[in-house]
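Engineer:
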Amino acid sequence: MPERNFERWLDIDLDSEAQRTGNFTGCNPNEAPPGTFRAFFEDKYASEVYGRELWKDMIEQKDAENTWLSDLINRVYNQKNEGSCVANANAGCHEDCQALQFGPDRVVHLSAMSVYHFTGSGPNSGSNLDDSIDQVMRVGVLPNDSAENKAKFKHTHPDVGYYTKLPSGFEETAKLFQGHEYLDIRSPEGLVSCLFKGYSVMYARSGHCIRAVRLFYKNGKFILGYLNSWGQWGDTLNAQFAYGIGYDSESTLNRASNGAICLRSVRGPQHSIT
Amino acid sequence: MKKIRKWMLIAVLLSQAVAFGQSWSEPTVNGITIAAPAAAIPAGPSVQLSVTGLADTELAGTTVSVNPSVGVSVVPAKGWDNKPILLFGATQGGKYTVTLTLHAENEFRIGVTQALATARDPKLSPELLAEYDTFAAAYAKKLAEKYPFKSGFVLVEVAGPVPNPPQPPKPDPIPVTAGKRLIVIIHEQTDDTAKLSDLFVKLRHPAGEVSKYLKEKGHLLDILDQMNVNQRWLAAAGDKPLPVLIIADAVSSAVLSVEPLNVSMSPVDLITKLKATGG
Chain A
1 MPERNFERWL DIDLDSEAQR TGNFTGCNPN EAPPGTFRAF FEDKYASEVY GRELWKDMIE
61 QKDAENTWLS DLINRVYNQK NEGSCVANAN AGCHEDCQAL QFGPDRVVHL SAMSVYHFTG
121 SGPNSGSNLD DSIDQVMRVG VLPNDSAENK AKFKHTHPDV GYYTKLPSGF EETAKLFQGH
181 EYLDIRSPEG LVSCLFKGYS VMYARSGHCI RAVRLFYKNG KFILGYLNSW GQWGDTLNAQ
241 FAYGIGYDSE STLNRASNGA ICLRSVRGPQ HSIT
Chain B
1001 MKKIRKWMLI AVLLSQAVAF GQSWSEPTVN GITIAAPAAA IPAGPSVQLS VTGLADTELA
1061 GTTVSVNPSV GVSVVPAKGW DNKPILLFGA TQGGKYTVTL TLHAENEFRI GVTQALATAR
1121 DPKLSPELLA EYDTFAAAYA KKLAEKYPFK SGFVLVEVAG PVPNPPQPPK PDPIPVTAGK
1181 RLIVIIHEQT DDTAKLSDLF VKLRHPAGEV SKYLKEKGHL LDILDQMNVN QRWLAAAGDK
1241 PLPVLIIADA VSSAVLSVEP LNVSMSPVDL ITKLKATGG
């Protein structure tokens, strides 16, 4: 288990931190309350919501066996100087699901900008979760323009650059990467249970959207680890990345969990096999 | 009188539309009687079934069918008295339905007759009803003369051993040859416990034995929700309870192994199962 600097990265005011570091946020409030467009995780999986009395032992087991979904993450997003945090989190969640469904080696890295281009009105307007989810469900996401992706896919798109035009006919490739099932979350028990069940979770606070990746237990308190989209920022994510995550205390978790979203299942080009 | 004739004409046209629009699949006993022996006849040599209600001149316009039809022959013919008969022979025991039809293409006439009866409105006065009945009878007679149709059927029992139904061929066992494998784990939302998630992450972990083995051998592992998987894999799972583990040949997609997934299994167990299928 790597050394972690909880004190340094705990309960960061992400809006101030963005200004301090030259990074950007970009999460706007949804227009409709949670539960309007998607079922609640707590309702659909009522028998699988784990109470706090179980968390400590479950954390210990997952730590001992290295079975957090975050152990499979092989990319830290960087939204740079655009307000595309929601799209970055959403595309990141899609990759998390790919890692579980098809394996980390077969994950196709995605272009958050191919989503934000349709959900933001400008490079720094920001966007909301509902619009981003709708875009990924209906249209999908394009692979980013890495050399590997360009060799494999007809259409790709860069990670950043709001004004970069999308390639003609991009929908054909984007639909290979649609979201399959999203669920709303309304409680900290729901959010944490999603993590225990291996679901990818994103949530918002301080005008910024981030991905919940795992839970810690330290000094009698629970701490939520979240993955940011600010590149080489933060504390150790996993064995592969010595940066990427920040920490939210239990009280922050309690406040931020209502309105979180989990992504349970995705479509991928690997489906041509299965 | 003019009024009722117009009304009758409409009824006739409607009844014809109904009759032409329908298909009459049930055999109708109409005018032909076929007599078969009461006792079961022996399998082998042909026997004569007598036919009444059919003139010998009408024989050429008949069609005959029998069900079941395997190992049986039925031939319309004329007897020594020039009256129509059916020569029936079966090589196997069983019960056979023999149907003889004259001018099968005119079967619609039955429908017209029945439709005329359906169109008869009992609320009409007795005088109008009497006129309608006279008209309908005359019309039906005219149809019968213009579009002759008759039919009859009989059940014939043949003594003898009833053959066993043909057995489907047994597929050759799939030879176990070494090669790349496609492993599909199908689960459903009610399976998604923390324990199952632990197993999945162990199978996927880059530093884990399974991940390394799969990469080394070129095997692919897909873990999919039942609502997000190709139907052919659900079909392969059959009636096995979810979660299920399917191992298939990666080239031919031939299914080599299907079993319920043991949530408590160790990741190394998957390697053992793969090796057993030549993976």
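Chains as they are written, first to last, in my numbering: chain A, 1 to 274; chain B, 1001 to 1279. Heads up, the beta-carbon is just placed ideally off N, CA and C, and yes, glycines get one too.
What residues from the stretch 53 to 72 of chain A come within 8 angstroms of chain B, judged by C-beta to C-beta, listed N to C?
Structural biologist: M58, Q61, K62, E65, N66, T67, W68, L69, D71 and L72
Engineer: Is the Cβ of P1260 of chain B closer than 9 angstroms to any Cβ of chain A?
Structural biologist: no
Engineer: Which partner residues does L345 of chain A have in the DSSP bridge list?
Structural biologist: Because chain A spans 1 through 274 in this model, residue 345 of chain A falls outside it and cannot be assessed.
Engineer: When we look at the beta-carbon of K1275 of chain B and count the other beta-carbons within 10 Å, is it buried (16 or more) or exposed?
Structural biologist: exposed
Engineer: Using a C-beta to C-beta distance shorter than 8 angstroms, which residues of chain A count as neighbours of R1181 of chain B?
Structural biologist: Chain A residues near R1181 of chain B: none, gap ~12 angstroms exceeds 8 angstroms.
Engineer: Exposed or buried, which one is G1021 of chain B when buried takes at least 16 other CB atoms within 10 Å?
Structural biologist: Note that G1021 of chain B has pLDDT 38, beneath the 50 cutoff, so the model's placement of it is unreliable and the number below is only indicative. It counts as exposed.
Engineer: Checking 9 angstroms against the spacing of the C-beta atoms, do Y77 of chain A and A91 of chain A come in under that value?
Structural biologist: yes
Engineer: So, with DSSP's three-state summary, where would you put L1274 of chain B?
Structural biologist: helix
Engineer: Rounded to whole angstroms, what's the CA-CA distance from T1193 of chain B to F196 of chain A? Just pull it up for me.
Structural biologist: 8 angstroms
Engineer: Name the DSSP bridge partner or partners of F1088 of chain B?
Structural biologist: B:V1047 and B:V1074
Engineer: Distance, Cα to Cα, F1200 of chain B vs K1180 of chain B?
Structural biologist: Cα to Cα, the separation comes out at about 21 angstroms.
Engineer: For G1053 of chain B, which residues in the same chain have their Cβ closer than 6 angstroms to its Cβ, ignoring the five residues on either side in sequence?
Structural biologist: G1031, I1032 and T1033
Engineer: Nearer than 8 angstroms: is that true of the beta carbon of V1098 of chain B relative to any heavy atom of the ligand SAH?
Structural biologist: The ligand SAH is absent from the structure shown, which contains no ligand whatsoever.
Engineer: Name the residues in the stretch 191 to 225 of chain A whose C-beta lies less than 7 angstroms from a C-beta of chain B; which are they?
Structural biologist: F196, K197 and G198
Engineer: Between C262 of chain A and V213 of chain A, which are expected to be in contact by the criterion C-beta below 8 angstroms, what is the C-beta distance as a whole number of angstroms?
Structural biologist: Contact annotation, C262 of chain A with V213 of chain A: C-beta distance approximately 12 angstroms; criterion of less than 8 angstroms not satisfied.
Engineer: Nearest to R106 of chain A by alpha carbon, out of A:W233, A:Y199, A:Y50 and A:P143?
Structural biologist: A:P143
Engineer: So is N5 of chain A buried or exposed if we call it buried at 16+ other beta carbons inside 10 Å?
Structural biologist: Exposure of N5 of chain A is indicated by the presence of fewer than 16 other C-beta atoms within 10 angstroms of its C-beta.
Engineer: Going by Cα to Cα distance, which pick from B:G1238, B:L1196, B:L1221 and B:A1159 is closest to G1044 of chain B?
Structural biologist: B:A1159
Engineer: At least one CB of chain A closer than 9 angstroms to the CB of Q1189 of chain B: is that the case?
Structural biologist: yes
Engineer: Got a sec? Which residues, its chain only, sit under 6 angstroms from I59 of chain A by beta carbon, not counting five neighbours each side?
Structural biologist: L215 and Y217
Engineer: For the stretch 169 to 190 of chain A, enumerate the residues whose C-beta is nearer than 8 angstroms to any C-beta of chain B, in chain order.
Structural biologist: H180 and E181
Engineer: On the CB-based measure, 16 or more other CB atoms within 10 Å of its CB, does A1117 of chain B come out buried or exposed?
Structural biologist: exposed
Engineer: Can you check the stretch 66 to 110 of chain A for any alpha helix (DSSP H) of at least 4 residues that lies completely inside it and give the ranges in chain order?
Structural biologist: 85 to 102
Engineer: So, does the CB of I1247 of chain B fall closer than 9 angstroms to a CB anywhere in chain A?
Structural biologist: no
Engineer: Among A:L14, A:V192, A:P167 and A:A151, which one has its Cα closest to the Cα of S229 of chain A?
Structural biologist: A:L14
Engineer: Once DSSP output is grouped into helix, strand and coil, what is the label at S1197 of chain B?
Structural biologist: helix
Engineer: For L1242 of chain B, which three-state DSSP category applies?
Structural biologist: coil
Engineer: Between P1084 of chain B and K1240 of chain B, what straight-line distance do the alpha-carbon atoms span, to the nearest angstrom?
Structural biologist: Straight across, the Cα-Cα distance linking P1084 of chain B with K1240 of chain B is about 59 angstroms.
Engineer: Give the list of continuous beta strand (DSSP E) stretches no shorter than 3 residues that lie fully inside the stretch 132 to 194 of chain A.
Structural biologist: 179 to 184
Engineer: Short of 6 angstroms in beta carbon distance, which residues of its chain neighbour A1036 of chain B, apart from the five on each side in sequence? Order them along the chain.
Structural biologist: L1049, V1154 and V1156
Engineer: Could you spell out where the beta strand (DSSP E) holding N254 of chain A opens and where it closes?
Structural biologist: From DSSP, N254 of chain A is part of no beta strand (DSSP E) but of the alpha helix (DSSP H) over E250 to A256.
Engineer: Is any beta-carbon of chain B found at less than 9 angstroms from that of E48 of chain A?
Structural biologist: E48 of chain A counts as touching chain B.
Engineer: Among B:I1223, B:S1252, B:E1216 and B:G1278, which has the Cα closest to the Cα of K1202 of chain B?
Structural biologist: B:I1223
Engineer: Which residues in chain A sit within 9 angstroms of L1242 of chain B, going by Cβ to Cβ distance?
Structural biologist: By Cβ distance, chain A contributes nothing, its closest Cβ being about 14 angstroms from L1242 of chain B, past 9 angstroms.
Engineer: I need the DSSP call for N1228 of chain B, collapsed to helix, strand or coil.
Structural biologist: helix
Engineer: Assuming P947 of chain B is part of the alpha helix (DSSP H), what are its boundary residues?
Structural biologist: Outside the modelled stretch of chain B, which goes from 1001 to 1279, sits residue 947 of chain B, for which no answer is possible.
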